[in-house]
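Chains as they are written, first to last, in numbering that gives the first Met the number 0: chain A, 0 to 483; chain B, 0 to 217.
We put the CB at the ideal spot given by N, CA and C, even for glycine.
Structure first, commentary second.
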Amino acid sequence: MIFVLLLLTPLLAAATAALVKPYRAWVGWLCAALSFAPLGAALWLSARVLEGEVLTWGPGEFLRADGLSALLVLCVSFVAALAAWLGPGLAVEDGYDAAERRSYRVFSNLFAFTMLLAVTAHNVGVMWVAVEATTITSAMLIPLHITKASVEASWKYILIGSVGIALAFVGTVLAYFDFVNLAGEQASALNWTSLLHSAPVLHDEVLKLAFVFVLIGYGTKAGLAPMHTWLPDAHSESPSALSAMMSGVLLAVAIYAILRWKIVVDAAVGPAFTNRLLIALGLLSLAIAAFTLIGQRNYKRMLAYSSIEHTGLTCLGLALGPLGIFAAMLHLVNHTVTKSMMFLLAGRVQQRYRSTEIAEVPGLVRTMPVTAGFFAAGMFAIAGLPPFGLFISEFALVRAGFAAGRGWLMGVVLVLLVVAFIALVTHLNRMLYGDPPAPIPVGERQLWALAPAGLCVVILVILGLTLPSPVSRLLNKIVEIAAP
Amino acid sequence: MNSLFSQLAVLGSSLTLIFGLMLLWHRSVHAYTTAFAWQSVVLAGIVAVVAYFERDPELYFVAAMLLWLKAWFIPRLLRRMEEPLGAEQELQPYVNTATSLLISGLLVLFAYAVCRPLVALSHLPTRAGMPLALGLIFVSLFVIASRKKALTQVIGFLMLENGIALLAVLGTYGIPLVVEIGVFLDLLLGFMVMQLFVYRIHETFESIDVEQLGRLRH
Chain A
0 MIFVLLLLTP LLAAATAALV KPYRAWVGWL CAALSFAPLG AALWLSARVL EGEVLTWGPG
60 EFLRADGLSA LLVLCVSFVA ALAAWLGPGL AVEDGYDAAE RRSYRVFSNL FAFTMLLAVT
120 AHNVGVMWVA VEATTITSAM LIPLHITKAS VEASWKYILI GSVGIALAFV GTVLAYFDFV
180 NLAGEQASAL NWTSLLHSAP VLHDEVLKLA FVFVLIGYGT KAGLAPMHTW LPDAHSESPS
240 ALSAMMSGVL LAVAIYAILR WKIVVDAAVG PAFTNRLLIA LGLLSLAIAA FTLIGQRNYK
300 RMLAYSSIEH TGLTCLGLAL GPLGIFAAML HLVNHTVTKS MMFLLAGRVQ QRYRSTEIAE
360 VPGLVRTMPV TAGFFAAGMF AIAGLPPFGL FISEFALVRA GFAAGRGWLM GVVLVLLVVA
420 FIALVTHLNR MLYGDPPAPI PVGERQLWAL APAGLCVVIL VILGLTLPSP VSRLLNKIVE
480 IAAP
Chain B
0 MNSLFSQLAV LGSSLTLIFG LMLLWHRSVH AYTTAFAWQS VVLAGIVAVV AYFERDPELY
60 FVAAMLLWLK AWFIPRLLRR MEEPLGAEQE LQPYVNTATS LLISGLLVLF AYAVCRPLVA
120 LSHLPTRAGM PLALGLIFVS LFVIASRKKA LTQVIGFLML ENGIALLAVL GTYGIPLVVE
180 IGVFLDLLLG FMVMQLFVYR IHETFESIDV EQLGRLRH
């Protein structure tokens, strides 16, 4: 029942939007209303997981949800609901015509479905199929308005994304090869639990090779440097609601895939091998993102590079033992909430100023005071200031690093975080103050659309001041899975 | 009996690799499509051979799907794209033909080096073909990175998928059917989206040269 609500409602919404021709406003409202069903299912699922259950469904346990899946399901359904309420198709005037709205409703729901399937599939092959399908469904939405820039961004995205993901499939095949050699052909061989169960007797060298392919493949989707080049283009050129989904949760889903594989490979060869690779890629992403942030001229690209920075941090955290995994997962949740809110706010700014250049949007405080307030709060959050959740998770992550005896590494990380902080605050300053260009109307419109942003800020502050018991219990469950 | 099986596997894998290498010295989309279609026929043939020797009826089904999708349906769509786009040839790739061939040779050698633990571990009669499959994967990656026309990149991607399918069938006699069907579906949809985007690039930029796609920086 939970899985039906979770996976079938997005499909139902997509089918409705696809079948109703031409697009009508009630379709948008219906999709928005339906988006609460997966969110409710996710909460229900998490509650059951917290009681110690592992939920499964279907022949051969086709779907399976443990603590790790539950966390991701929560994140995905939350952001999907945000994007359904704030995306094109509800407001009267949002710069999109009926065909574009319809296509947004169809593909954003399919996109949500593929992400939910990726994090609940038991079979790592099916997980791969779902992740590959996220590329296809989201690529369709990048050029919603066809411009040279959006066509370019979508091409880079689908080509680099598909090729990268294909490499992850090579890794999956290699691991399956290892398994089949040992135990013979079995339908359940690619089930994650079977892989984990037989990992200790699998062949080291082949699994290591498989992990390298998997890391490059899913790392491409996660936006890890040096495979990140598609990310700033795609995230800055897509409609803001799609950017929110891609930046907020698609990266998290890719990290999830990497973590699933890391657990299997760790069980076979010990954590040292995967940790070294994750630290290398994480640190490189952090460094490239921090220094690129300094020279940013476009605020959506600035948010995209900040996503690369935070993905890098999350990867580092995964390599720092149980404490690090706890911090990394908390960081992932915080980043999901913040970044999806920020892209939706950036969409509001872009709609008003008709520009994504930082230099062309001064005076936000005067033209859109409430949006500006939330935007500033979000920027402080991604820069890592208290009292927001990201501060706590970054703090926990650095502490885990020192506890793991990686003092030097943490020193470098702190320096890079300071660089990113200075860059972000400088850009924010240029956006908030100054004189707005003359023709820009002053005053907020459609204030109700800011309510979700308010909710996000509340969640961030709560996560920054305290760690609610359900959250910490869920995170502890993940640590139990990932670092036994 | 088994030696015939392994000889057929190696012969087939070599043929697929050679069809992959053809992208390096041909210039026209027509030749690329032909190479891809024949490569897919050989791949389907290998799958059928494995099905025959292993008495696995599931694999006959996979071979039939391969034949339909990759040797008939996708080449047909590619042929249709030749009309508006075929005039643009791969005249000046980032890497010239001679160097490309040299690099590809090195990539195949590299694939042999990477595959050593795999071949040593496996006891399947098809194992000798695995380095060639990985070689095809590497060569296809090189094609995607070194060629300028969007359509060439798409065909490189299709060949990359063929290389992975070959690796899977040689190393494991095929992945579970549910995954296989998912992969087919992804490939079909992915190709159609790519095709749509190639047309869009053509409409917006009036050419399918990806060198023009350099507006978005920093």
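- Check the Cα spacing between Arg353 (chain A) and each of A:Met328, A:Phe325, A:Thr313 and A:Tyr298: the tightest is with A:Tyr298.
- Per DSSP, the beta bridge partners of Asn297 (chain A) are A:Glu356.
- Residue pairing from DSSP places Asn122 (chain A) in a beta bridge opposite A:Asn190.
- Two segments are said to touch when three or more pairs of C-beta atoms, one from each, lie closer than 8 Å; by this definition the stretch 188-202 of chain B touches the stretch 142-160 of chain B.
- Contact check for Ala376 (chain A) against Val456 (chain A) passes: the beta carbons are separated by less than 8 Å.
- The beta carbon of Met139 (chain A) sits closer than 8 Å to some beta carbon of chain B.
- For Arg199 (chain B), the neighbours in chain A by C-beta distance under 9 Å run, in chain order, Pro142, Ile145, Val150, Ser153 and Trp154.
- Here the C-alpha atom of Met21 (chain B) lies approximately 37 Å from the C-alpha atom of Leu277 (chain A).
- Beta-bridge analysis with DSSP links Thr310 (chain A) to no other residue.
- In the three-state reduction of the DSSP assignment, Lys220 (chain A) falls in the helix class, which pools H, G and I.
- Per DSSP, reduced to three states, the secondary structure at Ala119 (chain B) is helical.
- For the pair Val49 (chain B) and Phe4 (chain B), the Cα-to-Cα distance works out to about 8 Å.
- The shortest CA-to-CA distance from Leu5 (chain A) to any of A:Ala80, A:Met340 and A:Pro21 is the one to A:Ala80.
- Counted as a single uninterrupted DSSP element, the beta strand (DSSP E) harbouring Trp56 (chain A) occupies residues Leu54 to Trp56.
- Three or more beta-carbon pairs drawn from the stretch 186-201 of chain A and the stretch 46-60 of chain A are found closer than 8 Å, and the two stretches are therefore classed as touching.
- In chain B, no part has a C-beta under 9 Å from the C-beta of Ala382 (chain A); the shortest such distance is about 20 Å.
- Thr113 (chain A) and Val209 (chain B) have their C-alpha atoms some 29 Å from each other.
- Within chain A, the residues placing a beta-carbon under 8 Å from that of Pro116 (chain B) are His202, Glu204, Val205 and Leu208, ordered along the chain.
- Three or more Cβ pairs closer than 8 Å define a contact, and the stretch 91-108 of chain B falls short of that threshold against the stretch 162-169 of chain B.
- Apart from the 5 residues on each side of it in sequence, Asn333 (chain A) sits with its Cβ closer than 7 Å to the Cβ of Gly388, Leu389, Ser392, Leu459 and Leu462 in its chain, given in chain order.
- In this structure, DSSP gives Lys20 (chain A) a state outside helix and strand, which the three-state scheme calls coil.
- Annotated three-state conformation of Ala79 (chain A) is helix, per DSSP.
- Under the DSSP assignment, Leu49 (chain A) falls outside any beta strand (DSSP E), being part of the alpha helix (DSSP H) whose first and last residues are Phe35 to Leu49.
- Residue contact with chain B for Ile262 (chain A): absent (no Cβ-Cβ distance below 8 Å to any residue of chain B).
- By the CB criterion at 8 Å, Ala47 (chain B) and Thr125 (chain B) fall outside the cutoff.
- For Phe110 (chain A), not one C-beta of chain B is nearer than 8 Å to its own C-beta.
- Taking the C-beta atoms as reference points, Arg296 (chain A) is found nearer than 8 Å to Ile357 (chain A).
- Interface annotation for the stretch 156-179 of chain A against chain B: Ile157, Leu158, Ser161, Val162, Ala165, Phe168, Val169, Val172, Tyr175, Phe176 and Val179, criterion Cβ-Cβ distance under 7 Å.
- Look at Arg405 (chain A) here: in three-state DSSP terms it is coil, with no helix or strand label.
- In terms of Cα proximity to Gly19 (chain B), the closest of B:Met158, B:Phe204 and B:His201 is B:Met158.
- Leu85 (chain A) sits close to Ala448 (chain A), with the two beta carbons spaced by under 8 Å.
- Taking all protein chains shown into account, Val142 (chain B) has 16 or more neighbouring C-beta atoms within 10 Å of its C-beta and is therefore buried.
- Using beta-carbon distances, Val128 (chain A) counts as an interface residue toward chain B, with a partner under 8 Å.
- Chain A places no beta carbon closer than 8 Å to that of Ser206 (chain B), leaving this residue out of the contacts.
- From the listed residues A:Leu344, A:Phe379, A:Ala64 and A:Leu331, the smallest Cα separation to Glu50 (chain A) is found for A:Ala64.
- Here Thr133 (chain A) is not near Val213 (chain A), since their CB atoms are 8 Å or more apart.
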